[in-house]
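As given, the protein sequences belong to chains A and B, one line each in that order. 3 is the number of the first residue of the first sequence in the numbering used here; add one for each residue after it. 65 is the number of the first residue of the second sequence in the numbering used here; add one for each residue after it.
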Amino acid sequence: MSAPAPTLSSARPAAGQPGDLVLRFRDVAKAFPDGTVALEGVDLDVRRGDFVTVVGPSGCGKSTLLRIASGLSPATAGTSQVDAERIGYVFQDATLLPWRSVQKNVELLAELHGMSRTATRQAALDAIDLVGLRGHEKKLPRALSGGMRMRASLARSLTLDPDLFLFDEPFGALDEITRERLNDELIRLFAAKGFGALFITHSVSEAVYMSTKVLVMSGRPGHVVESFDVPFGAERTPELRFTPEFAALAGEVSHALREGHS
Amino acid sequence: MTTTVHPAEETQVASTVDTPTTAATAATADPVLTGAGTAPLVERRGRGRKRVTDSLLPIAVFLGLVAVWYAITYLVLDPDRRFLMPAPHTIVTDALLDGPTMDKILPALGRSIVVTFTGLAIAIVIGMVWAIAMSQSRPIERSLFPYAVALQCIPILALVPLIGFWFGYDFPSRVIVCVMIALFPIVSNTLFGIQSVDRGMHELFTLHNAGRTTRLLKLELPAAMPAIFAGFRISAGLSVVGAIVGDLFFKQGDPGLGILLDNFRARLQGQELFLTIIITAALGFAVFGLFGWLAKVAVGRWYDQSRDAG
Chain A
3 MSAPAPTLSS
13 ARPAAGQPGD
23 LVLRFRDVAK
33 AFPDGTVALE
43 GVDLDVRRGD
53 FVTVVGPSGC
63 GKSTLLRIAS
73 GLSPATAGTS
83 QVDAERIGYV
93 FQDATLLPWR
103 SVQKNVELLA
113 ELHGMSRTAT
123 RQAALDAIDL
133 VGLRGHEKKL
143 PRALSGGMRM
153 RASLARSLTL
163 DPDLFLFDEP
173 FGALDEITRE
183 RLNDELIRLF
193 AAKGFGALFI
203 THSVSEAVYM
213 STKVLVMSGR
223 PGHVVESFDV
233 PFGAERTPEL
243 RFTPEFAALA
253 GEVSHALREG
263 HS
Chain B
65 MTTTVHPAEE
75 TQVASTVDTP
85 TTAATAATAD
95 PVLTGAGTAP
105 LVERRGRGRK
115 RVTDSLLPIA
125 VFLGLVAVWY
135 AITYLVLDPD
145 RRFLMPAPHT
155 IVTDALLDGP
165 TMDKILPALG
175 RSIVVTFTGL
185 AIAIVIGMVW
195 AIAMSQSRPI
205 ERSLFPYAVA
215 LQCIPILALV
225 PLIGFWFGYD
235 FPSRVIVCVM
245 IALFPIVSNT
255 LFGIQSVDRG
265 MHELFTLHNA
275 GRTTRLLKLE
285 LPAAMPAIFA
295 GFRISAGLSV
305 VGAIVGDLFF
315 KQGDPGLGIL
325 LDNFRARLQG
335 QELFLTIIIT
345 AALGFAVFGL
355 FGWLAKVAVG
365 RWYDQSRDAG
């Protein structure tokens, strides 16, 4: 990961500019057929270069946000507008195909998008380099640790060089050390690629550490109760977690989370 | 999965072996202190011993059964009724090493093998196409699944006379019986395998606009392979049954193992009858084993078979 990031722009002609709007929600609501209202009145903007994190208690509709943004499930009211040619979606589970090697798993999405064989291979190799999995290309998912699986899953989405990246608690199942390392690597990827990210988590510390903006959600029905701009720059190091500024902001976010919850 | 079963098994074995050791040498406390170092040794010895006993037990049972067999032959049966249960060694001397007998059995075995594999191959093709069609369309599943179940519920033996009535008593009829008996596990396992694909993986394919064929070829079929091979293995055993049953019933044309079994029974040729039964059983084991091996080659790399192996 310390090596200069190889560019993936060869995979696609025009890359977006920083600040381009990639996702816009206006008054988005989602009600399920059984009458449960999962989301109500959600406004949200994600631009290239934004890392927006949503924190909230379980069942507050955080994941539903991503399902609407990705088109997996339509909103029942309001507008959701996506201006991204390609969307990366990283699930909580790595969802690797167990019969495919790391290389073949990373190639999957490029394959589904009909990229040429050589471009697919190259995009996969670059992405594998980016997430630090070089040397593990031939391994099957069962031979990988949870953290490595998640890296492979990330690499798979990176092959598409997405403008918008959706993360659904991707590191939620990992141990803390692995999780913090992947946080750092994702920050570096984000700095190098400049995509727009919408990241779901229930960890306040992860949210504050990763983001340019933190949204606090509350459930039943899910809505954004507070929004915090994160003032730390693009360079973030683990020491940041022990600064008073970090603690203060994390405290505010936690407070908002508790307020919204009660 | 073995990976999850193993550690538990190891610790269990280790602790049962460990306890007496620890107790016996408690005074010196030596093994206890070096515990971390000696533990793997103890474990391995324990596991090895267990494996040896595990493989000895079935052999002991086998020897016991042979002893009972001899007892029945020589102590229970009158000499003139020993054909009912001929002593094991006479099966070898009077049947296996007897040229004319083997000249009857081997060609019959060949014919039964051909029927078995032809029937199985046809059952695999029909079964998979049937299951894939059902997996791709709800109406097709609704209309055809009841017939798959019906096929399983109707005693095929009841249909055998009809099959002979329509198709004659030779090779085609024997294969048809074989196909009908072997079909259901392939249909149900393939369908089950395809329908059990993880929802997250389906969503991944949906997100990237995968078409139905792509989804089938790149996701559903590969994911279903372990289940499909489990079905093949069950059907392989059944297709041997089908081949023998068809033969046994039709009793016409070139004899397969079924006809031979019936002939030897009718002529009171005990040794020959037993040998044919053993060979039929061996064919069943061989076909079952072949498909177990094929499954291992096809999906063993990524799928842990011990999870469903019987």
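C-beta atoms are modelled at their ideal positions from N, C-alpha and C, and glycine is treated no differently.
Alpha-carbon spacing of residue i relative to residue j, whole angstroms
i         : j         : result
His272(B) : Leu67(A)  : 18 Å
Leu162(A) : Val24(A)  : 15 Å
Ser303(B) : Val243(B) : 7 Å
Leu168(A) : Lys195(A) : 14 Å
Ala13(A)  : Phe192(A) : The predicted model places Ala13(A) with a pLDDT of 41, which falls under 50 and marks its position as unreliable, so this point remains unresolved.
Leu170(B) : Gly310(B) : 18 Å
Thr89(B)  : Leu120(B) : Residue placement at Thr89(B) cannot be trusted, given a pLDDT of 37 that sits under 50; what the coordinates show is reported in the next sentence. Computed Cα separation, rounded: 31 Å.
Pro172(A) : His204(A) : 11 Å
Phe229(B) : Ser75(A)  : 57 Å
Pro104(B) : Asn107(A) : Its pLDDT being 42, under 50, Pro104(B) is placed unreliably by the model, and the measurement read from it follows with that caveat. Rounded to the nearest angstrom, the two C-alpha atoms are 37 Å apart.
Phe314(B) : Ala294(B) : 30 Å
Gly262(A) : Gly235(A) : 28 Å
Leu188(A) : Gly183(B) : 55 Å
Val241(B) : Tyr211(B) : 17 Å
Leu111(A) : Ala209(A) : 28 Å
Ser82(A)  : Phe256(B) : 37 Å
Gly232(B) : Leu223(B) : 13 Å
Ala31(A)  : Cys62(A)  : 13 Å
Leu324(B) : Leu160(B) : 15 Å
Ala7(A)   : Thr254(B) : For Ala7(A), the predicted model reports a pLDDT of 39, less than 50, meaning its position is unreliable and no value from the coordinates is stated.
Leu276(A) : Glu237(A) : Here chain A comprises residues numbered 3 to 264, so residue 276(A) is not present and cannot be evaluated.
Val363(B) : Arg222(A) : 45 Å
Leu215(B) : Phe248(B) : 7 Å
Thr102(B) : Ser147(A) : The pLDDT assigned to Thr102(B) is 38, lower than 50, so where the model puts this residue is not dependable; a value taken from the coordinates is nonetheless given after this. Cα-Cα distance, rounded: 28 Å.
Ile204(B) : Ile70(A)  : 31 Å
Pro178(B) : Ile245(B) : In the sequence as presented, Pro is not what sits at residue 178(B); that position holds Val. Taking the straight line from one Cα to the other gives about 16 Å.
Gly275(B) : Gln316(B) : 51 Å
Pro59(A)  : Gly353(B) : 52 Å
Glu336(B) : Arg238(B) : 23 Å
Arg279(B) : Met219(A) : 35 Å
Residues that residue i contacts on chain B, provided the C-beta gap is smaller than 7 Å
i         : result
Leu111(A) : His272
Thr122(A) : Result: empty, since nearest Cβ-Cβ is about 13 Å, beyond 7 Å.
Asp95(A)  : Gly264
His115(A) : His272
Leu251(A) : Those within 7 Å of Leu251(A) in chain B number zero; the least Cβ separation is about 33 Å.
Leu67(A)  : Under the 7 Å cutoff, chain B gives no residues; its nearest Cβ is about 15 Å from Leu67(A).
Leu200(A) : The contacting residues do not exist; Leu200(A) stays about 14 Å from chain B at best.
Leu135(A) : Residues of chain B passing the Cβ test: none, with the nearest at roughly 18 Å.
Residues bridged to residue i (per DSSP)
i         : result
Ile196(B) : Ile196(B) is not bridged to any residue.
Arg26(A)  : Asp47(A) and Gln83(A)
Lys64(A)  : According to DSSP, which records beta bridges pairwise, Lys64(A) is partnered with nothing at all.
Leu98(A)  : In DSSP, Leu98(A) forms no bridge with anything.
Ile89(A)  : Leu166(A)
Val57(A)  : Thr203(A) and Val218(A)
Ala31(A)  : Ala79(A)
Val327(A) : Given that chain A is displayed from residue 3 to residue 264, the structure contains no residue 327(A) and the question cannot be resolved.
Chain-ordered neighbours of residue i on chain A, where CB pairs are closer than 8 Å
i         : result
Trp357(B) : What Trp357(B) touches in chain A: nothing, since even the nearest Cβ is about 18 Å away.
Leu247(B) : The premise fails here: Leu247(B) is roughly 26 Å from chain A at the closest Cβ pair, so nothing lies under 8 Å.
Listed by chain order, chain B residues near residue i by CB distance under 9 Å
i         : result
Tyr211(A) : Simply none; closest approach about 26 Å.
Pro35(A)  : None at all; the shortest Cβ gap to chain B is about 18 Å.
Leu41(A)  : The premise fails here: Leu41(A) is roughly 19 Å from chain B at the closest Cβ pair, so nothing lies under 9 Å.
Leu23(A)  : Within 9 Å Cβ-Cβ: nothing; Leu23(A) doesn't reach chain B, min ~21 Å.
Closer than 7 Å at the beta carbon, the chain A residues around residue i
i         : result
Glu267(B) : Leu74
Closer than 8 Å: residue i CB and nearest the ligand ZN heavy atom
i         : result
Leu127(B) : The model on display carries no ligand, and the ligand ZN is accordingly not part of it.
Partner residues on chain B for residue i, Cβ-Cβ distance less than 8 Å
i         : result
Leu217(A) : Correct list: empty, because the minimum Cβ distance to chain B is about 23 Å.
Requested in this report: Identify every run of the beta strand (DSSP E) within the segment 221 to 259 of chain A, keeping only runs that are complete inside it and at least 3 residues long; order them along the chain.
Outcome: With a minimum length of 3 residues, the continuous beta strand (DSSP E) runs that stay inside the segment 221 to 259 of chain A are 225 to 231.
**Report entry** Complete alpha helix (DSSP H) runs within the segment 169 to 218 of chain A (minimum length 4 residues, chain order)
**Finding:** Taking only runs of at least 4 residues, the alpha helix (DSSP H) segments lying wholly in the segment 169 to 218 of chain A are 178 to 195 and 206 to 212.
**Report entry** In chain order, each alpha helix (DSSP H) run of at least 4 residues that lies wholly inside the segment 211 to 279 of chain B
**Finding:** List check, alpha helix (DSSP H) in window: 220 to 231, 235 to 259, 263 to 271 and 276 to 279.
Query raised in the report: For the segment 337 to 368 of chain B, which residues have a CB atom closer than 9 Å to at least one CB atom of chain A, in sequence order?
Result: Within the segment 337 to 368 of chain B, the residues whose Cβ lies closer than 9 Å to some Cβ of chain A are Val363, Arg365, Trp366, Tyr367 and Asp368, listed in chain order.
Requested in this report: For the segment 163 to 180 of chain A, enumerate the residues whose C-beta is nearer than 7 Å to any C-beta of chain B, in chain order.
Outcome: So nothing in the stretch comes that close.
**Report entry** Against chain A: residues of the segment 277 to 288 of chain B by CB proximity under 9 Å
**Finding:** Here the close residues are Thr278, Lys282, Leu283, Pro286 and Ala287.
Query raised in the report: Of the residues that make up the segment 137 to 149 of chain A, which ones have a beta carbon closer than 7 Å to any beta carbon in chain B?
Result: Those would be Leu142 and Arg144, in chain order.
Query - Proximal residues, the segment 182 to 196 of chain A versus chain B, C-beta separation under 7 Å - result: Flagged: no residues at all.
Requested in this report: May I have a chain-ordered list of the alpha helix (DSSP H) segments no shorter than 4 residues that lie completely inside the segment 154 to 193 of chain B?
Outcome: Here no run is fully enclosed.
**Report entry** Ranges of the alpha helix (DSSP H) found wholly within the segment 105 to 147 of chain A, counting only runs of at least 4
**Finding:** Within the segment 105 to 147 of chain A, the runs of alpha helix (DSSP H) at least 4 residues long that lie entirely inside it are, in chain order, 119 to 132.
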